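Below you'll find the structure, written out as structure tokens, and then a few comments.
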Amino acid sequence: MGELFRLLKGGNKPSLLAAVVNTIIAILKGGAFFFTGNVAMFAEMMHSIGDAANQFFVYIGSSLSKKAPTPRFPNGFGRLVNLVCLGAVIIVGILSYETIIEGWHHIQHPTESTGVAITLSVLAIAIILEFAVLYKAGKEILHEVGIKGTAFSPLTTSFTHLKRAKPATKLVFMEDLVATAGGILAFVAVLISHFTGFLQAEGIASIMIGIMMFYVVGKVFLDNARGALGETDEQMLTHIAHIVSENPHVKDIQKLEVIKEGEYLHVEIIIEIDPQYSFAEVDDIQDKIKELILNQQGVTDITISFDEDDGIRTWTEHRDQRTVLKTRD
1 MGELFRLLKG GNKPSLLAAV VNTIIAILKG GAFFFTGNVA MFAEMMHSIG DAANQFFVYI
61 GSSLSKKAPT PRFPNGFGRL VNLVCLGAVI IVGILSYETI IEGWHHIQHP TESTGVAITL
121 SVLAIAIILE FAVLYKAGKE ILHEVGIKGT AFSPLTTSFT HLKRAKPATK LVFMEDLVAT
181 AGGILAFVAV LISHFTGFLQ AEGIASIMIG IMMFYVVGKV FLDNARGALG ETDEQMLTHI
241 AHIVSENPHV KDIQKLEVIK EGEYLHVEII IEIDPQYSFA EVDDIQDKIK ELILNQQGVT
301 DITISFDEDD GIRTWTEHRD QRTVLKTRD
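Counted from 1, the sequence shown has number 10 at position 10 by UniProt numbering; the numbering is strictly sequential.
Next comes the structure, spelled out in structure tokens:
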């Protein structure tokens, strides 16, 4: 039990915050829907329930993924967070479908909602809370990639670096981006329905919210499916190849893999060196290269092997040769 609490303490904080906030929002929206019967509010309630469930699962998954390797699972549990995210999106997919169906029914059989003031008040509170979580997730993305910015950077620069964010943080950011946009859309739909009498506006908003939820499902599913299979981090691979090649003892890189293991990176490299080096010298070279690579952001595990230099350039087919290939005397 003590280990479980220790692991939970190290879980992804943005996902935990988002789960708690979305649970509160879901309760508020559920109460508003119960009293008003507003279809747009129903869509938002379903959205918040899905987000809350998703983010609770993701928080638990991100916590358990930090569990140390065991004899039964020697490669560790890093990819567990990807598997949890894959399961979590199924919940959102089901709720997305229900949201679209409910919206379609309302378009076909529009009914006037009551309690507009309650609906708008709850939506306004939800938008503010969702925006706060979105901003927090944006700050976490910048922190994870090691970038400092202005007060607006979490809402601007974070989009540029979204791909390099941890799976859990990325999911929270995307879900709350859609949740904030969906809340604004529902707010506008309620205003249109109330002041123009175009009751179908709420149903249209519900369908649009459901479609946005499906987009998140597809995006998160593909990202985490690649992570579960073991995706190469191309940017970090290029960077590591570059810094290793700068070591004067390295003659060539025979093999280099940088695989995403959930929130972390596993590096496996085979380096060619002069066969005249002694064992002690090779050990010193290994220690220096290992320390260098482990100091790179996200790298937690590395396997280094050595082979004698065969005089043949092996590392010549990387996508960005300018950062890898070095001419040596």
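Just so you know, even glycine gets a beta-carbon here, dropped at the ideal spot from N, CA and C.
What you are looking at is a predicted structure, and each value in this text was computed from that prediction instead of being measured.
query = If we count the other Cβ atoms within 10 Å of its Cβ and call it buried at 16 or more, is Pro14 buried or exposed?
reply = Answer is buried; the Cβ neighbour count reaches 16.
request  = Could you check which residue in Phe221, Ile289, Glu231 has the C-alpha nearest to that of Pro248?
outcome  = Ranked by Cα distance from Pro248, the options Phe221, Ile289, Glu231 are led by Ile289.
ask   = Per DSSP, Leu265 is paired with what?
value = Per DSSP, Lys260, Val299.
query = Are the beta-carbon atoms belonging to Thr150 and Ala32 less than 9 Å from one another?
reply = Between Thr150 and Ala32, the C-beta spacing is not below 9 Å.
request  = With a 10 Å radius around its C-beta and 16 neighbouring C-beta atoms as the bar for buried, classify Tyr215 as buried or exposed.
outcome  = Exposed, since its Cβ has fewer than 16 Cβ neighbours within 10 Å.
ask   = Tell me which same chain residues have a C-beta within less than 7 Å of the C-beta of Pro154, skipping the five on either side of it?
value = For Pro154, where only same-chain residues beyond five positions count, the Cβ hits under 7 Å are Tyr135, Gly138, Lys139, Leu142.
request  = Could you have a look at Lys13 and say whether DSSP puts it in helix, strand or coil?
outcome  = Under the three-state reduction of DSSP, Lys13 is assigned to helix.
Near the ligand SAM: Glu234 beta-carbon under 8 Å from a heavy atom = In terms of ligand content, the structure shown is empty, and the ligand SAM therefore cannot be addressed.
Pairwise C-alpha distance: Lys251 and Arg313 = A direct Cα-Cα distance of roughly 9 Å separates Arg313 from Lys251.
ask   = Val324 by DSSP, collapsed to three states: which one?
value = Note on Val324: pLDDT 42, under 50, position unreliable in the model; the coordinate value appears next. It is coil, neither helix nor strand.
message = Beta-carbon within less than 8 Å of Leu83's beta-carbon, same chain only, minus the 5 sequence neighbours each way: which residues are those?
response = Answer for Leu83: Gly61, Asn224, Ala228, listed in chain order.
ask   = For Ile204, does the three-state DSSP call read helix, strand or coil?
value = Helix.
request  = Can you give me the Cβ contacts of Pro110 inside the same chain, cut-off strictly under 6 Å, excluding the 5 residues immediately before and after it?
outcome  = Excluding residues within five positions, the ones whose Cβ falls inside 6 Å are Leu199, Gln200.
query = Would the beta-carbon of Gly103 fall within 9 Å of that of Ile207?
reply = Against a cut-off of 9 Å, the Cβ pair of Ile207 and Gly103 comes out as a contact.
message = What would DSSP say about Gln108, mapped onto helix, strand or coil?
response = Correct three-state label for Gln108: helix.
query = What's the C-alpha gap between Lys66 and Gln296?
reply = Roughly 18 Å separates the two Cα atoms.
key: Collapsed DSSP secondary structure at Ile118 in the structure displayed   = The answer is helix: DSSP assigns Ile118 an H, G or I state.
key: Where Ser113 sits in the DSSP three-state scheme   = Residue state for Ser113 is assigned as coil, using DSSP reduced to three classes.
request  = May I have the straight-line CA-CA distance separating Ala124 from Val178, to the nearest angstrom?
outcome  = Within the model, the alpha-carbon separation for Ala124 versus Val178 is close to 15 Å.
request  = Rounded to whole angstroms, what's the CA-CA distance from Gly210 to Ser158? Just pull it up for me.
outcome  = Taking the straight line joining both Cα atoms gives about 25 Å.
query = Taking all protein chains shown into account, do 16 or more other C-beta atoms lie within 10 angstroms of the C-beta of residue 332, making it buried, or fewer, making it exposed?
reply = Examination of residue 332 is not possible in this model, given that the chain is present from 1 through 329 alone.
query = What residue range is occupied by the uninterrupted alpha helix (DSSP H) comprising Ala189?
reply = Looking at the DSSP string, the run of the alpha helix (DSSP H) that includes Ala189 is 167–196.
query = With respect to the alpha helix (DSSP H) encompassing Gln235, which residues constitute its N-terminal and C-terminal limits?
reply = In this chain, the alpha helix (DSSP H) harbouring Gln235 covers 234–245.
task = Answer yes if the region 74–82 comes into contact with the region 238–246, meaning at least three C-beta pairs across the two stretches below 8 Å, and no otherwise.
result = Not touching, per the Cβ criterion.
inquiry  = Tell me which residue opens and which closes the alpha helix (DSSP H) that His47 is part of.
reply    = Per DSSP, His47 is one residue of the alpha helix (DSSP H) stretching across 39–64.
task = Assuming Asn38 and Val190 form a contact by the criterion Cβ under 8 Å, report the distance between their Cβ atoms to the nearest whole angstrom.
result = Contact flag correct, Cβ pair sits at about 7 Å.
Phe306 in three-state terms, based on DSSP = In the displayed model, Phe306 falls within a strand according to three-state DSSP.
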